[in-house]
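Asks: Residue numbers (the working numbering): 419 to 1120.
Cβ coordinates follow ideal geometry from the N, Cα and C atoms, glycine included.
All values derive from a computational prediction rather than experimental measurement.
Have a look at the structure that comes next, please.
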């Protein structure tokens, strides 16, 4: 039985696709440093050239270094390598410092089997591994676990190093080879360790809700249509933060500069056509709504192609860089990893790298105008339709100093000489002769705001340094600005043409209306004359002929009205008497709402207060409903709407309900009063209907 299980496990591993992160791995925090297809998120250093063949990395044309763009402190690292010779002259460098030779400022894990002083799996200059002699032309699994000062290196499941050294706390991951064509690497994965939980799973300690600025209060403002923007509701239960029904953000109480953030997100959509938006903001201004770098959440793509995300896509930086692929789906949790250090931000979705951005702008506020170096972390609820879940939120703060520091000073007598340095000879990083020119051009870029000039300068930089990611991103942004400016100019020109065409049409229509008004006036049809002259006045402003005709029409209208008033005076007296009688009879009636559709069909509610609150619950804190409507489908909001009585008339105000309110099939806008007339039909959330009626009720004895 055990043998069968082992065979099944081996078969499963053989069938697994290389350079991928499974859903369980992503939920556990694993990310890809190499996607198997491109060098996205990697940078070649030391004059190196690396190529991709059959899903694996291989140094060619002089070897050199290949560095991951994001720094980490504590982590699990896994990779597979295969060599065709015993001396591939390659190493894995851990916690490397930027802008330094990795051999001097990192922990060098030996790959190669010809140096007896530092066998495969050794940390050169520190810890010697036992000789293992791994087979050639076969894939081998090399794992490294670094937690604080503790180092564990394993090769094919066997522990090679288990020691401690506290000289380096964080840094970059690098591969280095001085000989080419002998070594291949694949399945390079990393899982950050030592993270601090930002959410305790039970309450919102360490977080604070930030909502929109509230409008002025008052009944008069509600009756005149000044509605309040509903603030998001945040709650915590069973390890999940839930946000819904409003605008706002849940913001970390602390601020962060350099970090690795991981969290799981679920956007809950009501149907397949709806793709709600959200975002995670990093380095935002505390207390300021939606500030900082906006890491977009938008699970939609064009033409059924996940390589065409909509609205920057999930994991994209809004207004800065579009996600490479759309990997997340609505109504499912996905894991997002955000690594930020200095001006560099890298983002993974379910372990796959989707965004790698180097901000070349000067420090500034807000984010759309400049880079940001520190700030709060916020979870966004963008509107009243929001329905969001967040969990597994953790963060690792990176130290300012990266790389392996100098050894501690020797106090006692010097020990015997250590084993000699490895025979691996890596090419020293070559000084780029074009570096001064690139720096000078970059300085010119920062001094100009002209996008065309920026494109010209960035193009010169890329000709000198084709791998300059800052210049590449800057050139793309400048070209985008040029395209936007050209589109705006074209739109303005089109609007001018439309304005000229519209004015000619107005003149023609105005002349026609004036002619019709004059003909109707001559024929004695004053109603038509008034309508046509009003149209002519709008289309032909300050026209003397139109003004003269208007005067003649008004004089004739007043004369006709005087005759009309004379003959109707007696009738008016009779009508007044009738109205008075009806008023006396009607004023003794009392209003009510009767349920004509729903669970409580036939039940009546008296409208005997100035304000009646209607909703699905009786009370929540200081707020309560006088009319509680039961609803099996839960389409009625907790506080759905209000009915106000004013001067004997009734008005309904929707309170921003989730599924809406209609009056006689007319949708009530949130916060805007709508008149209720006798017999009016009021529908709540499409599941309950009420009708306004009147009846005479006996007055209660004092």
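How is residue 1072 classed by DSSP in three states: helix, strand or coil?
Replies: If DSSP states are grouped into helix, strand and coil, residue 1072 belongs with the strands.
Asks: Please list the segments of the beta strand (DSSP E) lying wholly inside the stretch 463-488, counting only runs of 3 or more residues, in order along the chain.
Replies: Counting whole runs of 3 or more residues, the stretch 463-488 contains the beta strand (DSSP E) stretches 467-471, 474-478, 482-486.
Asks: Could you tell me whether the stretch 705-724 touches the stretch 624-632, where touching means 3 or more Cβ pairs closer than 8 Å?
Replies: Yes: at least three Cβ pairs fall under 8 Å.
Asks: Provide the residue(s) that pair with residue 669 in DSSP beta bridges, ordered along the chain.
Replies: Residue 669 is bridged to 626, 796.
Asks: Under the DSSP definition of a beta bridge, which residues are partnered with residue 1081?
Replies: The partner list for residue 1081 (beta bridge, DSSP) reads 1084, 1100.
Asks: In terms of DSSP beta bridges, what is residue 712 paired with?
Replies: Its beta-bridge partners are 699.
Asks: Taking DSSP's pairing of strands, which residues face residue 1010 in a bridge?
Replies: BP columns for residue 1010 point to 1024, 1111.
Asks: Suppose the cutoff is 7 Å on Cβ atoms and the five residues either side in sequence are ignored; what does the same chain contact list for residue 728 look like?
Replies: The answer, listed in chain order, is 716, 718, 719, 720.
Asks: Inspect the CB distances between the stretch 606-623 and the stretch 656-674 and report whether three or more fall short of 8 Å.
Replies: Result yes; three or more Cβ-Cβ pairs closer than 8 Å.
Asks: Taking just the CA atoms, how far does residue 1017 sit from residue 1109?
Replies: Roughly 15 Å between the two C-alpha positions.
Asks: Tell me, which residues are paired with residue 771 by DSSP?
Replies: Answer is 766.
Asks: Straight-line CA distance for residue 820 to residue 757?
Replies: Distance between the alpha carbons of residue 820 and residue 757: 15 Å.
Asks: Please classify residue 713: is it buried, with 16 or more other beta-carbons within 10 angstroms of its beta-carbon, or exposed?
Replies: Residue 713 should be labelled buried.
Asks: In the DSSP assignment, find the beta strand (DSSP E) that holds residue 572 and state where it starts and stops.
Replies: Taken as a continuous stretch (DSSP letters only), the beta strand (DSSP E) holding residue 572 covers 568-573.
Asks: What is the DSSP secondary structure of residue 459, reduced to helix, strand or coil?
Replies: Coil at residue 459, not helix or strand.
Asks: Helix, strand or coil: how does DSSP classify residue 779 here?
Replies: In the structure shown, residue 779 sits in coil (DSSP, three-state: anything other than H, G, I, E or B).
Asks: Compute the distance between the beta-carbons of residue 551 and residue 574, then report whether it is under 9 Å.
Replies: Going by C-beta atoms, residue 551 is not nearer than 9 Å to residue 574.
Asks: Checking 9 Å against the spacing of the C-beta atoms, do residue 1048 and residue 1036 come in under that value?
Replies: Not in contact: residue 1048 and residue 1036 (Cβ atoms no closer than 9 Å).
Asks: Just to confirm the assignment, what range does the alpha helix (DSSP H) spanning residue 878 have?
Replies: Counting along the chain, the alpha helix (DSSP H) containing residue 878 begins and ends at 869-882.
Asks: Going by CA-CA distance only, name the one from 807, 596, 492 that's closest to residue 478.
Replies: For the residues 807, 596, 492, the minimum Cα distance to residue 478 belongs to 596.
Asks: Between residue 816 and residue 1043, what straight-line distance do the alpha-carbon atoms span, to the nearest angstrom?
Replies: So the alpha carbons of these two residues sit roughly 51 Å apart.
Asks: Taking 9 Å as the cut-off, decide whether the C-beta atoms of residue 731 and residue 670 are in contact.
Replies: Not a contact, by the Cβ cut-off of 9 Å.
Asks: Buried or exposed: where does residue 1062 fall if 16 or more other Cβ atoms within 10 Å of its Cβ makes it buried?
Replies: That one is buried.
Asks: Applying the 10 Å Cβ sphere with the 16-neighbour rule, what's the burial state of residue 591?
Replies: With 16 or more Cβ atoms within 10 Å of its Cβ, residue 591 is classed as buried.
Asks: Residues in its own chain within less than 6 Å of residue 840 by CB, not counting five upstream and five downstream?
Replies: Caution applies to residue 840, whose pLDDT of 47 falls short of 50 and renders its modelled position unreliable; the value that the coordinates give is listed next. 533, 536, 542.
Asks: In three-state DSSP terms, what is residue 581?
Replies: Reduced to three states, the DSSP call for residue 581 is strand.
Asks: For the structure I just gave you, are there three or more beta carbon pairs, one from the stretch 748-756 and one from the stretch 678-687, closer than 8 Å?
Replies: Result yes; three or more Cβ-Cβ pairs closer than 8 Å.
Asks: With DSSP as the reference, label residue 642 as helix, strand or coil.
Replies: Any answer about residue 642 is weak, because its pLDDT of 39 lies below 50 and its placement is not dependable; what the coordinates show is given next. Correct three-state label for residue 642: coil.
Asks: Decide if the stretch 603-613 is in contact with the stretch 446-461; the criterion is three or more beta carbon pairs, one per stretch, under 8 Å apart.
Replies: Yes: at least three Cβ pairs fall under 8 Å.
Asks: Between residue 475 and residue 452, is the Cβ-Cβ spacing less than 9 Å?
Replies: Yes, Cβ-Cβ distance for residue 475 and residue 452 is below 9 Å.
Asks: Whose CA, out of 889, 1075, 1051, 901, lies closest to the CA of residue 1057?
Replies: The candidate whose alpha carbon is nearest that of residue 1057 is 1075.
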